[in-house]
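These notes concern the structure reproduced below.
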Amino acid sequence: MKKQHILPLALILGGSAALPLSAQTESPKRADTLRRELTVMTQEELTLSTRQPQDLSLSLPAPRVSEPHYSYEDRGLGAGLLLSPLRALAPMQGGFARSEQRGYLTARGGVSTTLRLGAGYRILAQERDELDVLGRFDWTQARLGYDVLAGQGTARQQQWLLGARYLHRFDLPSLELGAELGRYKTNYYGRATYEQKTAPLQSPLGSQATIEDPEQATQHFRLSARLATPEIASEDWLYDLGFSLDYASTKYTEALLQSYSYEASELAPRLSLQLSHRLSSTARLGIYGALSYYRPSYQQLSQQQALPDASRSSLSVAPYISYGDLSDEWRWDLRGGLRLTNGSDPSGAQLYLFPKVDARLSYGSAFSLRLESDAEHYAQLRGQLLSREMPYLSPTSYPELLERRSWVKLSAKTLLQDCFSAEAWVSYSSHRHAAQWRPVSMVNVSLPQGATAPLALGFVPYYAGYQDLSIGAALSYRHEGLFTASLAAEHKDYQQASDLLTGRPEWTLSTLLELQSIPRTQLRAGYEFATATSSYDLAGQVVRLKPLHVLHGEAIYRVSSRLSLTAELRAQLLTGATQWYGYRQQPLTALLGLQYLF
C-alpha cells in the first residue's frame with residue numbers, strides 16, 4: 079500500500095522537476111535578451127560586429143577587477159612613432175576612461191620646463207544618460223641644439239582644450255553628441271643659417287642680423303553626432319549615422335616684419351552612413367557611404383588681399399554582402415563588396431573602383447586568419463596638421479590635393495594559454511598624391527652684405543606616388559601578476575617612387591615592458607627605433623638624416639585608492655635631425671606629477 083502511494087508521488091515530483099529543463103530547451107533566449115542580461119551583470123556591452131574595423135566575432139569583455147588607471151597621455155606610452163618632431167610636446171588628446179570613478183585631476187611638471195594640467199568629470203552617470211566634460215592645459219619651453227644648423231633653438235608651445243560628450247540610450251539605438259574647443263600656439267623653432275652675399279637694394283634691418291621667430295596660433299572647434307543601433311545579429315535593420323564639423327583658424331605673425339602676417343582657416347563637414355538588412359540568420363546585405371567637403375581660405379592681413387581658395391570633396395559608396403557561420407570551434411566570416419570613391423581637388427576629379435573585402439577564418443580564440451582590402455581618398459585637415467604633425471607648416475601651404483590610397487593586407491593571429499599572443503602581417507598599398515615636405519626659409523629679408531642670420535624654417539608640401547610592401551610581426555607575453563612584455567617590428571619596401579619620400583623609415587621597432595609585481599606600483603619602460611630617412615635641404619640637395627632612438631618610461635605609485643604619484647621620462651639617445659631636416663624628434667623630458675580620482 080505504501081509502495082502504491084510512493085510511486086505516483088515520485089512521478090509527480092520528477093515531472094515537475096523536468097518542466098523547467100524542457101522549457102529552457104524548447105525556447106532558447108534571443109540574442110538581444112541575452113545581451114541585455116549580460117550587460118547588467120558585467121557593465122559592458124556585447125560586440126557582435128558586422129562593421130569595419132571591428133572584428134567579426136562575438137566577444138564578451140571580462141569585468142574589470144583592478145582599479146582604473148587614467149594616464150594623462152590618452153594615447154599611452156609605446157603607441158608607436160609620431161610624425162611630430164617633438165614627440166614629448168605633441169598636443170593633448172581628449173578622452174574620458176570608462177571606469178568606476180566620476181572624475182579625475184592630474185598635474186605634471188618638470189624638464190623641459192613643462193607644466194601639464196588636466197581634469198574630467200562625469201556629470202551624469204545613469205543607465206540611459208551619460209555626460210562627460212574635460213579640460214587640458216599644456217605649457218612647454220625647451221632648448222634644442224642642432225648639429226646641422228646654427229646655434230640653439232627654443233621650442234615654445236602653449237595649448238588648452240575643452241570638451242564635452244553626451245550619450246543617451248534609447249530602447250534600441252543610442253545617440254552620442256560631442257563638442258571640442260581648443261587653441262594651440264607655437265613658434266617656428268627650426269633654424270637655418272642665411273648669408274647675404276650681394277648688396278641688397280635696401281636693408282630694413284640695418285646692421286641687425288637677428289630675426290625674431292614667426293609664431294602661429296590655431297583655434298579649432300569640432301562638433302560631432304552619432305545615432306547607431308547596437309550590433310545585434312537578430313535585428314532586421316542595423317544603422318549607424320554620423321556627422322562631424324571641423325573648423326580651424328590659424329594666424330601667423332612675425333613681430334619684426336609686420337608685412338609677414340597671414341590668417342588661414344578651413345571648414346570641413348562630413349556625413350557618414352552604414353545600413354544593413356538581415357537576409358537570413360547568417361547573411362546580411364548592407365552599404366557604406368561617406369561625403370566630405372573641405373574648404374580652406376587665406377587672407378594676407380597687411381594687404382587685405384584674399385589668396386586663392388582651393389576646395390576639396392570626396393564621395394565614397396560601398397555596397398556589400400556579409401555571411402558568417404561556425405562549425406564546432408571553427409568560425410568564418412566573409413564580407414565582400416565594391417568600393418566606389420570619387421575625389422575632387424584642384425587637379426580635377428578622380429573616380430576609383432576597388433574591391434572591398436573583409437574575410438576571417440578563426441579557430442576558437444587560438445588562431446585567426448584575416449584578409450582585408452579597401453580604398454579611400456584621404457584629406458589632411460589644416461587644424462590636425464598644425465596641432466599634431468606639422469606645427470611648422472608654412473602659412474600659405476597645406477596639402478591641397480587628395481591622397482588616394484588602396485591596400486591589401488593578410489594577417490594571422492594566435493593566442494596560447496591566455497598569456498602569449500603573436501601576430502604577423504604582410505600588406506601591399508598604392509599611394510597617389512601623397513604629401514611630402516621640404517624646408518623653406520620662413521622670412522624673406524634683406525641683410526647687410528656679408529651678414530649672416532639664423533632664420534626660422536617652415537615646410538611646404540610636394541607630392542609623390544609610390545607603392546610599398548610591408549612585412550611585420552608583433553609578440554606579447556603576459557605573466558599574471560608579474561609583468562607584460564611586447565615587441566613589434568615592421569619593414570617597408572618603397573617601390574616606384576615618383577619623388578623622394580621624406581620622413582618614411584624602412585624599419586621600425588617598438589618594445590614595451592610593464593611590471594606589476596611591485597605592490598601599489600606600476601612601471602612601464604619602452605624603446606622605439608626608426609631607420610634614417612632622407613630629405614631635401616634649403617638648396618634642394620638630398621641630405622641623409624640620423625636614425626631615431628627614443629627611450630621612454632612611466633612610473634605610478636598608488637598612495638591610496640584615489641591618489642597616485644606619477645613620473646615620466648622620455649629621451650632621445652642620439653641627438654640630431656631625424657624625421658625632417660633641421661628638427662630633432664624630441665628634447666629630454668622628465669616630469670613628476672599627481673593624479674587624483676574621485
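First residue of the sequence shown? That's 79 in our numbering, and the numbers climb one at a time after it.
Ideal placement from N, C-alpha and C gives every residue a C-beta, glycine not left out.
Small disclaimer: the values here were computed from a predicted structure and weren't measured.
Original post:
Hey, is alanine 326's beta-carbon within less than 8 Å of any beta-carbon in chain C?
Top reply: Protein chain content of the structure displayed is limited to a single chain, and chain C is not contained in it.
**OP:** Quick one: residues in its chain with C-beta nearer than 7 Å to the C-beta of arginine 108, no 5 flanking neighbours on either side, listed in chain order?
**Re:** Residue numbering aside, residue 108 sits at position 30 when the sequence shown is read from its first letter. Its pLDDT being 41, under 50, arginine 108 is placed unreliably by the model, and the measurement read from it follows with that caveat. Contacts found: Ser312.
**OP:** Entirely within the stretch 470-553 and at least 3 residues each: give me those beta strand (DSSP E) ranges in chain order.
**Re:** 481-494, 498-519, all fully within the stretch 470-553.
Original post:
Can you name the residues that DSSP bridges to arginine 390?
Top reply: Position 312 of the sequence shown, counted from the start, is the residue given in the question as residue 390. Arginine 390 is bridged to Tyr372.
Original post:
Between which two residues does the beta strand (DSSP E) containing lysine 434 stretch?
Top reply: Position 356 of the sequence shown holds residue 434. Element bounds for lysine 434: 426-441.
Subject >> For glycine 402, three-class secondary structure by DSSP >> reply: On the sequence shown, residue 402 is found 324 positions in, with the first residue counted as 1. Glycine 402 sits in a strand when the DSSP states are folded into three classes.
Subject >> Close Cβ partners of proline 363 (< 7 Å) along its chain, the five nearest in sequence each way excluded >> reply: Within the sequence shown, the letter at position 285 stands for residue 363. What sits at residue 363 in the sequence shown is leucine, not proline. Same-chain partners within the cutoff: Ser354, His355, Leu357, Ile399.
Subject >> Contacts around leucine 418, its chain only, beta-carbon distance under 8 Å, and the 5 residues preceding and following it disregarded >> reply: If you number the sequence shown from 1, residue 418 lands on position 340. Spatial neighbours of leucine 418 in its own chain (CB-CB distance under 8 Å, excluding positions within 5 residues in sequence) are listed in chain order as Ser394, Val395, Ala396, Leu429, Tyr430, Leu431.
**OP:** Would you identify the three-state DSSP class for arginine 460, choosing helix, strand or coil?
**Re:** Mapped onto the sequence shown, residue 460 falls at position 382. Helix, per DSSP.
Subject >> Where glycine 156 falls, given that 16 or more other Cβ within 10 Å makes a residue buried >> reply: Here residue 156 is taken as the residue at index 78 of the sequence shown, counted from 1. The predicted position of glycine 156 is uncertain, since its pLDDT is 28 and thus under 50; a value taken from the coordinates is nonetheless stated next. With 16 or more other Cβ atoms within 10 Å, it is buried.
Subject >> Buried or exposed by the 16-neighbour rule on C-beta atoms within 10 Å, applied to glycine 187 >> reply: Residue numbering aside, residue 187 sits at position 109 when the sequence shown is read from its first letter. Its Cβ having fewer than 16 others within 10 Å, glycine 187 is exposed.
Original post:
Who are the Cβ neighbours of leucine 279 in its own chain at under 6 Å, not counting the five residues just before and after it?
Top reply: As a working mapping, residue 279 is identified with position 201 in the sequence shown. A caution first: leucine 279 carries a pLDDT of 44, below 50, which makes its placement in the model unreliable, though a value can still be read off. Excluding positions up to five away in sequence, the list is empty.
Original post:
From this set, Glu481, Gly414, Leu647, Val211, which residue's C-alpha is nearest serine 190's C-alpha?
Top reply: By one-based count along the sequence shown, residue 190 stands at place 112. The residue with the shortest Cα to Cα distance from serine 190 is Leu647.
Original post:
Who are aspartate 571's beta bridge partners in DSSP?
Top reply: Within the sequence shown, residue 571 is the residue found at index 493, counting from 1. Aspartate 571 is bridged by DSSP to Leu547.
Original post:
Does the beta-carbon distance from threonine 218 to glutamine 235 come in below 8 Å?
Top reply: The count along the sequence shown starts at 1 and reaches residue 218 at position 140. The count along the sequence shown starts at 1 and reaches residue 235 at position 157. Cβ distance < 8 Å, so threonine 218 and glutamine 235 count as in contact.
Subject >> Rounded C-alpha distance that separates alanine 608 from leucine 623 >> reply: Translated into the one-based positions of the sequence shown, residue 608 becomes position 530. Translated into the one-based positions of the sequence shown, residue 623 becomes position 545. C-alpha of alanine 608 to C-alpha of leucine 623: approximately 11 Å in a straight line.
**OP:** Assign serine 620 to buried or exposed, taking buried as 16 or more other Cβ atoms, counted over all protein chains shown, within 10 Å of its Cβ.
**Re:** Translated into positions along the sequence shown, residue 620 becomes position 542. According to the sequence displayed, residue 620 carries valine and not serine. Result: exposed.
Subject >> C-alpha gap between alanine 645 and asparagine 265, whole angstroms >> reply: On the sequence shown, residue 645 is found 567 positions in, with the first residue counted as 1. On the sequence shown, residue 265 is found 187 positions in, with the first residue counted as 1. Going by the C-alpha atoms only, they are around 27 Å apart.
Original post:
Hey, is tyrosine 674 close to the ligand SAH, as in C-beta under 7 Å from one of its heavy atoms?
Top reply: Among the components of this structure there are no ligands whatsoever, and the ligand SAH is therefore not found.
Original post:
In whole angstroms, what is the alpha-carbon distance linking leucine 316 and serine 302?
Top reply: Residue mapping note: residue 316 aligns to position 238 of the sequence shown, counting from 1. Residue mapping note: residue 302 aligns to position 224 of the sequence shown, counting from 1. Roughly 20 Å between the two C-alpha positions.
Subject >> Exposure label - arginine 221; buried when at least 16 CB within 10 Å >> reply: Position 143 of the sequence shown, counted from the first residue, corresponds to residue 221. Classification of arginine 221: exposed, given that the 10 Å Cβ count is below 16.
Original post:
CA-CA distance, serine 613 and glutamate 478?
Top reply: In the sequence shown, the residue the question calls residue 613 occupies position 535. In the sequence shown, the residue the question calls residue 478 occupies position 400. About 21 Å.
Original post:
If we call anything under 8 Å between Cβ atoms a contact, is arginine 300 one with glutamate 344?
Top reply: Taking the sequence shown and counting its residues from 1, the one referred to as residue 300 is at position 222. Taking the sequence shown and counting its residues from 1, the one referred to as residue 344 is at position 266. Against a cut-off of 8 Å, the Cβ pair of glutamate 344 and arginine 300 comes out as no contact.
Original post:
Would you report the Cα separation of alanine 542 and threonine 611, rounded to the nearest angstrom?
Top reply: By one-based count along the sequence shown, residue 542 stands at place 464. By one-based count along the sequence shown, residue 611 stands at place 533. For alanine 542 and threonine 611, the distance between alpha carbons rounds to 16 Å.
Original post:
Looking only at C-alpha atoms, which of Leu629, Leu494, Ser642 sits nearest to alanine 444?
Top reply: Counted from its first residue, the sequence shown places residue 444 at position 366. When each option's Cα is compared against that of alanine 444, the closest is Leu494.
**OP:** Determine the direct distance from the alpha carbon of serine 639 to that of glycine 198, and round the result to whole angstroms.
**Re:** Taking the sequence shown and counting its residues from 1, one reaches residue 198 at position 120. Taking the sequence shown and counting its residues from 1, one reaches residue 639 at position 561. Near 17 Å, if we compare the C-alpha coordinates of serine 639 and glycine 198.
**OP:** Please report the Cβ distance between tyrosine 262 and leucine 587, rounded to the nearest whole angstrom; I am assuming they are in contact, meaning their Cβ atoms lie under 8 Å.
**Re:** By one-based count along the sequence shown, residue 262 stands at place 184. By one-based count along the sequence shown, residue 587 stands at place 509. Actually they do not touch by this definition, with Cβ atoms about 30 Å apart.
Subject >> Alpha carbon of glycine 631 to alpha carbon of aspartate 423, nearest angstrom >> reply: In the sequence shown, residue 631 corresponds to position 553, counting from 1. In the sequence shown, residue 423 corresponds to position 345, counting from 1. If I take the Cα positions, the gap works out to 43 Å.
Subject >> Nearest residue (CA-CA) to glutamine 673, options Ala633, Pro597, Thr667, Leu666 >> reply: Numbered from its first residue, the sequence shown carries residue 673 at position 595. With distances taken between Cα atoms, glutamine 673 lies closest to Ala633.
Original post:
Whole-angstrom Cβ separation of serine 595 and leucine 565, contact assumed at under 8 Å?
Top reply: Counting from 1 along the sequence shown, the entry for residue 595 is found at position 517. Counting from 1 along the sequence shown, the entry for residue 565 is found at position 487. Going by Cβ atoms, the distance from serine 595 to leucine 565 rounds to 20 Å, so no, they are not a contact pair.
**OP:** Leaving out five residues on either side along the sequence, give the residues of the same chain with a beta carbon under 8 Å from the beta carbon of leucine 652.
**Re:** Mapped onto the sequence shown, residue 652 falls at position 574. Within its own chain, the residues whose Cβ lies closer than 8 Å to the Cβ of leucine 652, once the five positions on either side in sequence are excluded, are Lys624, Pro625, His627, listed in chain order.
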